[in-house]
Amino acid sequence: MKKVYSRIESIKGNVISVRATDVAYGELAQVTTRFGVSLAEVNRLSDDIVSLQVFAGGRGISTGDEVRFLGNPMRVAFGDELMGRIFTGSGEPRDKGPALHENLIPIGGPSVNPVNRIIPREMIRTGIPMIDLFNTLVKSQKLPIFSVSGEPYNELLARIAMQAEVDLIVLGGMGLKYDDYLFFKDTLEEGGSLQKTIMFVHTAADPVVECLMVPDIALAVAERFALKGLNVLVLLTDMTNFADAMKEIAITQEQVPSNRGYPGDLYSQLASRYEKAVDFADSGSITILAVTTMPGDDVTHPVPDNTGYITEGQFYLKGGRIEPFGSLSRLKQQVNGKTRADHRAIMDGMIKLFAAYRDTLEKKSMGFQMSAWDQKLLKYGDLFEKEMMDLSVNIPLEGALDKGWEILAACFEPQETGLQTKLIDQFWPKKV
Amino acid sequence: MTNTTGAVTGVNGNMVSVRVKGAVSMNEVAFIIVAGKHLKAEIIRVQGDTVQTQVFEMTKGIRVGDPVEFSGEMLAVELGPGLLGKIYDGLQNPLPEVAKQTGYFLEPGVYLEALTRSTKWAWTPVASAGARVERADVLGTVPEAAFVHQVMVPFTMFDTYTVKSIKPAGEYTITEEVAVLEDGAGKSFPVTMMFEWPVKRAIDCYAERLKPVEPMVTKNRIIDTFFPVAKGGTYCIPGPFGAGKTVLQQVTSRNADVDIVIIAACGERAGEVVETLKEFPELIDPRTGKSLMERTIIVCNTSSMPVAAREASVYTAVTMAEYYRQMGLDVLLLADSTSRWAQAMREMSGRLEEIPGEEAFPAYLESVIAGFYERAGIVRLRDGRTGSVTIGGTVSPAGGNFEEPVTQATLKVVGAFHGLSRERSDARKYPAIHPLESWSKYRGLMAVDSVAWAHRYLERGAEVGQMMKVVGEEGTSIDDFLWYLKSELLDAVYLQQNSFDVVDASVSPERQQAMFSRIVRVLGSSFDFKDKDAARSWFNQLRQRYLDINGIEWDTDAFRKADADIKAFIDERVTGLDKKAARIIESLE
Ligand SMILES: Nc1ncnc2c1ncn2[C@@H]1O[C@H](COP(=O)(O)OP(=O)(O)OP(=O)(O)O)[C@@H](O)[C@H]1O
Ligand SMILES: [Mg+2]
Numbered sequence: 000m001k002k003v004y005s006r007i008e009s010i011k012g013n014v015i016s017v018r019a020t021d022v023a024y025g026e027l028a029q030v031t032t033r034f035g036v037s038l039a040e041v042n043r044l045s046d047d048i049v050s051l052q053v054f055a056g057g058r059g060i061s062t063g064d065e066v067r068f069l070g071n072p073m074r075v076a077f078g079d080e081l082m083g084r085i086f087t088g089s090g091e092p093r094d095k096g097p098a099l100h101e102n103l104i105p106i107g108g109p110s111v112n113p114v115n116r117i118i119p120r121e122m123i124r125t126g127i128p129m130i131d132l133f134n135t136l137v138k139s140q141k142l143p144i145f146s147v148s149g150e151p152y153n154e155l156l157a158r159i160a161m162q163a164e165v166d167l168i169v170l171g172g173m174g175l176k177y178d179d180y181l182f183f184k185d186t187l188e189e190g191g192s193l194q195k196t197i198m199f200v201h202t203a204a205d206p207v208v209e210c211l212m213v214p215d216i217a218l219a220v221a222e223r224f225a226l227k228g229l230n231v232l233v234l235l236t237d238m239t240n241f242a243d244a245m246k247e248i249a250i251t252q253e254q255v256p257s258n259r260g261y262p263g264d265l266y267s268q269l270a271s272r273y274e275k276a277v278d279f280a281d282s283g284s285i286t287i288l289a290v291t292t293m294p295g296d297d298v299t300h301p302v303p304d305n306t307g308y309i310t311e312g313q314f315y316l317k318g319g320r321i322e323p324f325g326s327l328s329r330l331k332q333q334v335n336g337k338t339r340a341d342h343r344a345i346m347d348g349m350i351k352l353f354a355a356y357r358d359t360l361e362k363k364s365m366g367f368q369m370s371a372w373d374q375k376l377l378k379y380g381d382l383f384e385k386e387m388m389d390l391s392v393n394i395p396l397e398g399a400l401d402k403g404w405e406i407l408a409a410c411f412e413p414q415e416t417g418l419q420t421k422l423i424d425q426f427w428p429k430k431v
Numbered sequence: 000m001t002n003t004t005g006a007v008t009g010v011n012g013n014m015v016s017v018r019v020k021g022a023v024s025m026n027e028v029a030f031i032i033v034a035g036k037h038l039k040a041e042i043i044r045v046q047g048d049t050v051q052t053q054v055f056e057m058t059k060g061i062r063v064g065d066p067v068e069f070s071g072e073m074l075a076v077e078l079g080p081g082l083l084g085k086i087y088d089g090l091q092n093p094l095p096e097v098a099k100q101t102g103y104f105l106e107p108g109v110y111l112e113a114l115t116r117s118t119k120w121a122w123t124p125v126a127s128a129g130a131r132v133e134r135a136d137v138l139g140t141v142p143e144a145a146f147v148h149q150v151m152v153p154f155t156m157f158d159t160y161t162v163k164s165i166k167p168a169g170e171y172t173i174t175e176e177v178a179v180l181e182d183g184a185g186k187s188f189p190v191t192m193m194f195e196w197p198v199k200r201a202i203d204c205y206a207e208r209l210k211p212v213e214p215m216v217t218k219n220r221i222i223d224t225f226f227p228v229a230k231g232g233t234y235c236i237p238g239p240f241g242a243g244k245t246v247l248q249q250v251t252s253r254n255a256d257v258d259i260v261i262i263a264a265c266g267e268r269a270g271e272v273v274e275t276l277k278e279f280p281e282l283i284d285p286r287t288g289k290s291l292m293e294r295t296i297i298v299c300n301t302s303s304m305p306v307a308a309r310e311a312s313v314y315t316a317v318t319m320a321e322y323y324r325q326m327g328l329d330v331l332l333l334a335d336s337t338s339r340w341a342q343a344m345r346e347m348s349g350r351l352e353e354i355p356g357e358e359a360f361p362a363y364l365e366s367v368i369a370g371f372y373e374r375a376g377i378v379r380l381r382d383g384r385t386g387s388v389t390i391g392g393t394v395s396p397a398g399g400n401f402e403e404p405v406t407q408a409t410l411k412v413v414g415a416f417h418g419l420s421r422e423r424s425d426a427r428k429y430p431a432i433h434p435l436e437s438w439s440k441y442r443g444l445m446a447v448d449s450v451a452w453a454h455r456y457l458e459r460g461a462e463v464g465q466m467m468k469v470v471g472e473e474g475t476s477i478d479d480f481l482w483y484l485k486s487e488l489l490d491a492v493y494l495q496q497n498s499f500d501v502v503d504a505s506v507s508p509e510r511q512q513a514m515f516s517r518i519v520r521v522l523g524s525s526f527d528f529k530d531k532d533a534a535r536s537w538f539n540q541l542r543q544r545y546l547d548i549n550g551i552e553w554d555t556d557a558f559r560k561a562d563a564d565i566k567a568f569i570d571e572r573v574t575g576l577d578k579k580a581a582r583i584i585e586s587l588e
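Sequence order for the protein chains is D and G.
Quick note on numbering that gives the first Met the number 0: the first sequence kicks off at 0 and runs consecutively.
Quick note on numbering that gives the first Met the number 0: the second sequence kicks off at 0 and runs consecutively.
(1) Looking at C-alpha atoms only, which residue of G:S117, G:L111, G:T118 and G:A135 is the closest neighbour of G:V125?
(2) Whole angstroms are fine: how far does the CA of D:R272 sit from the CA of D:G70?
(3) For the 8 Å Cβ check, are there 3 or more pairs between the stretch 35-55 of chain G and the stretch 0-15 of chain G?
(4) From G:S525, G:V573, G:R520 and G:Q540, pick the residue whose C-alpha is nearest to that of G:R582; which is it?
(5) Just to make sure I have the definition right: I need the residues of chain D whose C-beta is within less than 9 Å of the C-beta of G:F279. Which are they?
(6) Comparing the C-beta of D:M365 with each C-beta of chain G, is any distance below 9 Å?
(7) Listed in chain order, which residues of the stretch 51-82 of chain G have Cβ atoms closer than 8 Å to some Cβ of chain D?
(8) If you measure from the CB of G:S252, is any heavy atom of ligand 2 nearer than 8 Å?
(9) Below 9 Å between beta carbons: does that hold for G:F515 and G:S439?
(10) Could you give the distance in angstroms between the alpha-carbon of G:E357 and the alpha-carbon of D:L51?
(11) Does DSSP classify G:D530 as helix, strand or coil?
(12) Within the present structure, is the beta-carbon of G:S302 separated from the nearest heavy atom of ligand 2 by less than 8 Å?
(13) Determine the burial state of G:S536: buried for a count of at least 16 other Cβ atoms within 10 Å of its Cβ, exposed for fewer.
(14) Does the Cβ of D:L132 lie closer than 8 Å to at least one heavy atom of ligand 1?
(15) Taking only beta-carbon positions, decide if D:S267 is within less than 9 Å of chain G.
(16) Against chain G, with Cβ distances strictly below 9 Å, would D:R329 count as a contact?
(17) Just checking: is the beta-carbon of G:V272 within a distance shorter than 9 Å of some beta-carbon in chain D?
(18) Please go through the same chain and pick out, in chain order, the residues whose beta-carbon is closer than 6 Å to the beta-carbon of G:V506, but skip the five residues on each side of it.
(19) Going along the chain, which residues of its own chain have a beta-carbon closer than 7 Å to the beta-carbon of D:I123, five neighbours each way excluded?
(20) Closer than 8 Å between beta carbons: that is the criterion. Which residues of the stretch 96-128 of chain D meet it against chain G?
(21) Tell me whether the beta-carbon of G:A359 lies closer than 9 Å to the beta-carbon of G:S312.
(22) Going by beta carbon distance, what residues of the same chain come within less than 7 Å of D:I350, once the five residues before and after it are set aside?
(23) Do you know how far the Cα of D:I159 is from the Cα of D:E91?
(24) What residues in the stretch 34-60 of chain D have a beta carbon less than 8 Å from any beta carbon of chain G?
(25) Is the CB of D:I423 under 9 Å away from at least one CB in chain G?
(26) Any heavy atom of ligand 1 closer than 8 Å to the beta-carbon of G:T58?
(27) Kindly list, in the order they appear in chain D, the residues whose Cβ is closer than 8 Å to that of G:Y103.
(28) Between the alpha carbons of D:P151 and D:F182, how many angstroms are there, rounded?
(29) Can you pull the chain D residues whose beta carbon is under 7 Å from the beta carbon of G:N11, in chain order?
(30) Alpha carbon to alpha carbon, how far is D:I168 from D:F199? Give it in angstroms, no decimals.
(31) Enumerate in chain order the residues of its own chain whose CB-to-CB distance from G:P95 is below 7 Å, with the five nearest sequence positions on each side excluded.
(32) Please say whether D:T291 and D:T338 have beta carbons closer to each other than 9 Å?
(33) Quick check: does the Cβ of G:K244 come within less than 8 Å of any heavy atom belonging to ligand 1?
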C-alpha cells in the first residue's frame, strides 16, 4: 500500500511539492482537495522533495491536502471499447460512457528504431486538389496546418478526416473551444465516422496541465492500434496551445526561457510527439495532421518555426484557402510519380503559371501596363483560384488533373504552358 | 567498474544527481541501475560528494536512492576494422543489431558491441619483431571494403615499445591478440585489432597539421566554383526550415570526392536517415566500384531519441573520422544539424542552472563549437602520408535569422559559409545557396580572380533587378537590362543544379571548367539586340539550350553536338568579347 502524505510544502502555479521517499520520476499521484480529486505527475525529485504538476491546477489547494502516490506512471486504457468514445486530457470519460481501467498502457514510450522504418509509399486521398494534386499527403507523414486564428482550420481537419480512407481517427484536442469540440463531434457523427474515432479532448475551460497529456495519450493509443495493423490518422489541434501549456509550467518552475518565454527544449518536446508518425513494415501506420496557429501570422514565431524544422512540410492556410506558396509536402515525390503520367507535370506547370499570375497582379497593382500575356495570366489565376484553390472544391485526383487541363486550355495555347509535347498530345482537351 | 559507489539524490529531466562514495572523474561514464536495467550516464559536474550526470536514456522510473555504478572510463568508442557500412546511434550502439534484439522500439539500457566480434579479418603483419614503435605506428593491415585498414598501436599507449612478437599472416578476429608490445620497463602488452578512445578528446597522433589547400570536390557547381571547400577544411550550411540543407548534404554524401563519408544525423528526422539507409547499399561508388554504403558510416541520433546521446553523437562521429584519417585517408563528416547539438547543450546547461548567455545558450557555446570544428584538418602523418577530416555542418537558426548565437559562433570558425535563403528555395532555385551572401576562404577549381569576375555579374544583375522593381522594365536601359539577363542566365544554368537529374546531380571538375568557360564567354560578350524583348527572348532560348545540355552525359556525341549547336547559336549574335573574359577562357582551355 502506498503512503499518503498530508503536508504540502510548497504551491507554485500548478506545481506542488511534498516530502516523500521511494517515489519514481514520472510517477502519478492523487491529490485530494475540497474541490475533488485530481491526478498529479512527478516532474522533479531532489532528495526527499518531490515536485508534482497537478492536472487540475494549483488553485485552491491547501497545504493540508492529501497526496497519495499511485506507484505507476501515467497510463491509458487500451482496447476496441475505445472506439467511438470521448475522453478528457487525463483519460476520463467526457461522454456518458463508463470509465475504462482495463488493459492500461504507458504513454510517452520509446521511439521507433530508425532502421525499422520504411520509405513512405502510399498516398492518402483527401478530395482536395490543393493537397492531392499539388502537395500530396502520404501515409505516415507528419504535417501541420499553419494558420492564423480565425481561419477554418478545424473544418479543414474534419474534412480531411472524413474523406481520408483510414481505419481509425484519433483526435487530440488541446485548448479547444467548446464550440469546436461540438463541431468535431457533430461532423464525425453526421458523416458516420464517429464509430471509428477516439477523441481525447482538452477544452479551453479545462485545467492547463491536462492539455500537456493529450498528444501523448492520443499517440500511445494510436501506436497500439497501428501495431495491430490499423492505419491511424491522428489529428492534433492546436499544438500552439500545447506549447503554451509547456511554457506555463516551465516558467512556474523557473526554467530559463530560450525564446519568447518558451523553454529551451521546445524542439525536442514537439519532435518526440511528431516523430511518432510511422509506417510499420508489416503492420499499420500513424499519420499525424496537426494545427499550429501562428500568433500574429508570424511563421518565425517559436512554435511554427520549431514545428517547421520537425515536420515533413506544412499546409499554409490563408484567406480560407491552402496557399500554393509556403505549402509543401516533402514526401509528395515518393508517391506522385505513380499516380498518373501527367501528375508531376501538371503540378509543376500550373504552379509556375500561378507564380507568373501573382507577378502580374503585382505589376497591375503598381499601375504597369498589362500585355496580352498578362491578360491571359489574369484569366488563368482567376480560374485557378475558383476551381482549384477554393476549399469547397471536392474532386478526386484524376478529376482535378482533368480540370487542370481544362483550365489551361481555356486560357493558353498548348506551347505557352511549358508542358512536354508528349503530354500535351495525350491530355490537351480536344475542341468540340 | 570501479569501487566507487553512489546513490541517486535527484532527478530533473535527463539530469540525475548522485551522491558518491569514492573517487570519480569528470566525463566518466556511470550506470544508474533501475529495475535491473543499467542506464548509461555521463558525469558532467562534480561538487563535493555530489555529481550531476546526464543520462543517455529516458529518466522515467528513476527513484531517489537507486544505486549507481562507475566505470572509471570516459565516454569512448570502439575503433578497429568493421566500422564502415555500420549504422550507429549517438553512443555507437549498432542499430540493426539492436533491432534484432528489441524489435520496433529502442528499449532503454540495451548497449551492444559496436564492432562485430565474430568477423575474421585477413591480417598481414607490417611491423617485425624487435621494431621500436609508438602510438599509431602500423603493426599490420587488413582489407576493409575498398581500403587497406591499418591496425595501429593503440592511441592510448603513450610510451615507446618494442615489438616482442607479431602474428603471421592469417585470419583473426578483432579480439584475438595480433602482437605483443613491451615497454622500457619490460612490461608486456598484448594488442588486438581494436581499442577504445574517449570521444571528447581529439586524436592527435600526427606529425603536423597542414593548411587546407586542395579542393574537396563536391560535384556541385555553385560550391566547387564559387564557394569551394578544401580537404581538411570546415564549412557550414545555415538555412531556414525546408530550404534544402538536408538534401544538399545528401547529395554531397553521395558525390564528394573523398574516401570515407560519415553522416551524423543529429536530432533531425528519422525518415531522412531511412532514405540514405535504404538507398546507399544500392548505389555504386564510381571511385571504388563497390556500394556507397561501404564507404559510409551513419551515426544517427534523431530528434525523438534521448537528448544527451545527441550531444555525444557528433563526437562519436568525429572520433571515427579522425581514426580513418590516421590511415592516410580523406574523410568527410557531415553533421545535420549542429543546432540540435547546441540545443542539447542548452537543455543541460539550464538544468545545471548555469548563468545563461544569449537565447539561453551556455556561455561556453562558442568555445565548444570552435573545439568541434577544430577537429577537422589535413595532417601529415609521421610516415609522410597525409590524411584529412573535412567537416560540414548544417545550422538551423531560429526563425531563419542568421544573427542567432549558433550561426554566429559557427561563422567565426568555419572556412566557408553556404547560406541558404528562403527567397531562393521558395522560388525553387536549388541548391538555395545565396550567391551574394555566401563566402569561402578556400581556393576552388578556378582561379580566384576569374570567379570574382563572374561574381561581379551576379552583384550587378541583382542591383539592376532591384532597380527594375521600382522603375519597371520601361525605365531600364538596355545595357543594364543585359547585365540583368546575363546574371539570370549564370544563376539559372550554372548556380542552380538539379539534384534529382542523374546527370546534372554530379558535375565533374572537368565539366565544370568547360561549362564555366562557356558561360564566361556569354557574360563577357557584347550583343546587338534591337530591343529588350528581343534580348529577353534570345536569352530565354539560350537558357533552355543550356538546361538541356546540363542533362546530357559528358563526353558523348550527343553532348558534343549540343555544345556545337549552342556555340553556333551564340556566334550568330555576338559582336565582341571583353578582354578579361578572353583571358579567363584562355586560362581554362
Ligand atoms: N536540390 C533540390 N532540388 C529539388 N528540391 C529540393 C532541393 N533541395 C530541397 N528541395 C525540396 O525542399 C524540401 C526540403 O528540403 P530539405 O529537407 O533539405 O530542407 P532542410 O533545410 O533540411 O529543412 P529542415 O531544416 O526542416 O530539415 C525537400 O523535401 C524538397 O522537396
Ligand atoms: Mg533538414
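Just so you know, even glycine gets a beta-carbon here, dropped at the ideal spot from N, CA and C.
None of the values given here were measured: they were computed from a predicted structure.
Let me spell this out:
(1) Checking every option, the nearest Cα to that of G:V125 belongs to G:A135.
(2) Going by the C-alpha atoms only, they are around 25 Å apart.
(3) Yes, the stretch 35-55 of chain G is in contact with the stretch 0-15 of chain G.
(4) Checking every option, the nearest Cα to that of G:R582 belongs to G:R520.
(5) The contacting residues do not exist; G:F279 stays about 13 Å from chain D at best.
(6) Taking Cβ atoms only, chain G reaches closer than 9 Å to D:M365, which makes this a yes.
(7) For the stretch 51-82 of chain G, the set of residues with a beta-carbon nearer than 8 Å to any beta-carbon of chain D comprises M57, T58, K59, G60, I61, R62, V63 and G64, in chain order.
(8) At a threshold of 8 Å, G:S252 does not count as near ligand 2, since its beta carbon sits no closer than that to any of the ligand's heavy atoms.
(9) No, they are not a contact pair.
(10) The alpha-carbon atoms of G:E357 and D:L51 are separated by roughly 30 Å.
(11) In the structure shown, G:D530 adopts coil according to DSSP, grouped into three states.
(12) Incorrect: G:S302 has no Cβ contact closer than 8 Å to ligand 2.
(13) Classification of G:S536: exposed, given that the 10 Å Cβ count is below 16.
(14) No, ligand 1 has no heavy atom inside 8 Å of this Cβ.
(15) Chain G places a beta carbon closer than 9 Å to that of D:S267, counting this residue as a contact.
(16) Residue-level contact by beta carbon holds for D:R329 and chain G, with a gap shorter than 9 Å.
(17) Yes, its Cβ sits closer than 9 Å to a Cβ of chain D.
(18) Result list for G:V506: K218 and R220, in chain order.
(19) Cβ neighbours of D:I123 beyond the five flanking positions: L136, V137, K138, A163 and T286.
(20) Those residues of the stretch 96-128 of chain D that come within reach of chain G (Cβ to Cβ, closer than 8 Å) are G107, G108, P109, S110, V111, N112, P113, V114, N115, R116, I117, I118 and P119.
(21) The Cβ atoms of G:A359 and G:S312 lie no closer than 9 Å to each other.
(22) F133 and P323, listed in sequence order.
(23) Approximately 27 Å between the Cα atoms of the pair.
(24) Listed in chain order, the positions of the stretch 34-60 of chain D with a beta carbon within less than 8 Å of a beta carbon of chain G are R43, L44, S45, D46 and D47.
(25) So, not an interface residue.
(26) Taking 8 Å as the cut-off, one finds no heavy atom of ligand 1 near enough to the beta carbon of G:T58.
(27) Result: V111, N112, N115, L226 and F279.
(28) Cα to Cα, D:P151 sits roughly 12 Å from D:F182.
(29) Simply R43.
(30) Each residue's Cα considered, the two are about 11 Å apart.
(31) Its chain contains I86 as the residues whose beta carbon lies nearer than 7 Å to that of G:P95, once the 5 sequence neighbours on both sides are disregarded; these appear in chain order.
(32) No.
(33) Result yes, Cβ under 8 Å from ligand 1.
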